[in-house]
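First the structure, in the form of structure tokens, and then the observations on it.
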Amino acid sequence: MSNITVCARFRPLSSKESSNHGDSVCVHGIDAETFVFKDEKEEDFSFSFDRVFDEKSEQAEVYKFLALPIVQDAVNAINGTIITYGQGPSVLECDEQKQGLLQRAANGLFQCIKSTEESVKHTIKLSMVEIYMEKVRVKSGKLVLVDLAGSEKVEKTGAEGSVLEEAKTINKSLSALGNVINALTCGSPGKTNYIPYRDSKLTRILQDALGGNSRTALLCCCSPSSSNATESLSTLRFGTSLSVRTRLSKARVAAAERLNALQIEAVENGNTNVVQKISELLQVRSLSSFKMPK
């Protein structure tokens, strides 16, 4: 789970947002990887991602950093997943003038295939999958493009009845996705631990894409308007949870590799006391797990 990229992108203010709230924005101090987000109570939250795209970012720029490496690896038999999440509408699609990730990924896939040797044959399979009320109709694919349901508040949408039940089911799927990511990143290096893929149709579909030989990218789609601060903050927290878990996993693997190297060096030098201490440290690390900040 070390090959996960998490980014955040802020779109320009819509005409409705501009007319209702003027130039009021809840995002400040944006640079390449960090920014400060102000909620409805004027409280500041600092966020850090692999890349932050502001409202001036071009579609091609987002695609090149976030999706192109995954598309290229898909041609080399590495499973890939590109997920978008945030307040609707979808950002996977766009008009022909400003192609979104969906069109660019499809075009990029064929371009990568054309650049390979003529003796190599490729088979492309496309599956359109819809998960509705935890029911799935199709489950197939290697390069997976996911547009997670919007993060709108129930109070704002006025959802009730069957629509409210849909919102609850969506939250259940997102929670299951977080649990799977937590299990993948918090396990001991070199050991197999239980991954709760079966808790949701979403995680079952993404099983091949999230575990094993795979790469995954998440783009957090946010509004800069203070009127949508709650939804944007929820989206950013979801992205942060994934980003933090990934960084902890990388640090854990690196530390374990370093300890193993020191142990080998100690054995070669005949330092039995050092070997014993390192063995104890490795055992403690295998029994421990990281706790996510709330």
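When the count follows the working numbering, it moves up by one through the sequence shown with no breaks and lands on 349 for the last residue. Just so you know, even glycine gets a beta-carbon here, dropped at the ideal spot from N, CA and C.
Asked: Of the choices Leu317, Asp105, Cys276, whose alpha-carbon is the least far from that of glycine 155?; Found: Cys276
Asked: Compare the C-beta of asparagine 162 with all C-beta atoms of chain D and state if any pair is closer than 8 Å.; Found: Protein chains in the displayed structure number just one, and chain D is not present.
Asked: Quick check on the burial criterion: 16 or more other C-beta atoms within 10 angstroms. Buried or exposed for glutamate 72?; Found: buried
Asked: Counting along the chain, where does the alpha helix (DSSP H) carrying alanine 272 start and finish?; Found: No alpha helix (DSSP H) contains alanine 272, which is instead part of the beta strand (DSSP E) from 269 to 277.
Asked: How many angstroms separate the CA atom of phenylalanine 90 from the CA atom of isoleucine 319?; Found: 43 Å
Asked: Decide if serine 195 is buried, meaning its Cβ has at least 16 other Cβ atoms within 10 Å, or exposed.; Found: Reliability of the predicted coordinates at serine 195 is poor, the pLDDT of 48 falling under 50, and no value is obtained from them.
Asked: Per DSSP, tyrosine 140 forms a beta bridge with which residues?; Found: Cys275
Asked: Does DSSP put cysteine 62 in a helix, a strand or coil?; Found: strand
Asked: Can you tell which of Ala122, Thr271, Val199, Phe100 has the C-alpha that lies nearest to the C-alpha of arginine 30?; Found: In the structure displayed, the chain extends from 56 to 349; residue 30 sits before or after that span and is not available.
Asked: Are isoleucine 85 and valine 107 close, meaning C-beta to C-beta below 8 Å?; Found: yes
Asked: With a threshold of 6 Å on Cβ separation, who are the neighbours of serine 177 within its own chain once the five nearest residues in sequence on each side are excluded?; Found: Just to set this straight, residue 177 is histidine in the shown sequence, not serine. Only Ile168 meet the Cβ criterion.
Asked: Quick one: which unbroken beta strand (DSSP E) runs of 3-plus residues sit fully inside the region 167 to 193? Chain order, please.; Found: none
Asked: Is the distance from the Cβ of leucine 239 to the Cβ of isoleucine 250 below 8 Å?; Found: yes
Asked: Give every residue of the same chain whose Cβ lies closer than 6 Å to the Cβ of valine 191, excluding the five residues on either side of it in the sequence, and list them in chain order.; Found: Lys256
Asked: Based on the DSSP output, what are the partners of aspartate 99 in its beta bridges?; Found: Lys93
Asked: Under three-state DSSP, which class holds glycine 155?; Found: coil
Asked: Near glutamine 262, which residues of its chain fall below 7 Å by C-beta distance, leaving aside the five closest residues on each side in sequence?; Found: Tyr252
Asked: Which two residues bound the contiguous beta strand (DSSP E) that contains leucine 265?; Found: Where leucine 265 is concerned, there is no enclosing beta strand (DSSP E), although the alpha helix (DSSP H) it sits in stretches over 262 to 265.
Asked: What residue does the alpha helix (DSSP H) around lysine 126 start on, and which one ends it?; Found: According to the sequence provided, residue 126 is valine. The question's lysine does not apply to it. Where valine 126 is concerned, the enclosing alpha helix (DSSP H) stretches over 123 to 130.
Asked: Can you list, in chain order, the residues of its chain with a C-beta nearer than 6 Å to that of serine 145? Leave out the 5 residues immediately preceding and following it.; Found: With a pLDDT of 49 at serine 145, under the threshold of 50, the predicted position of this residue should be treated as unreliable, and no value is reported.
Asked: Taking the DSSP output, what are the residues bridged to glycine 135?; Found: Leu198, Arg270
Asked: With DSSP as the reference, label serine 74 as helix, strand or coil.; Found: helix
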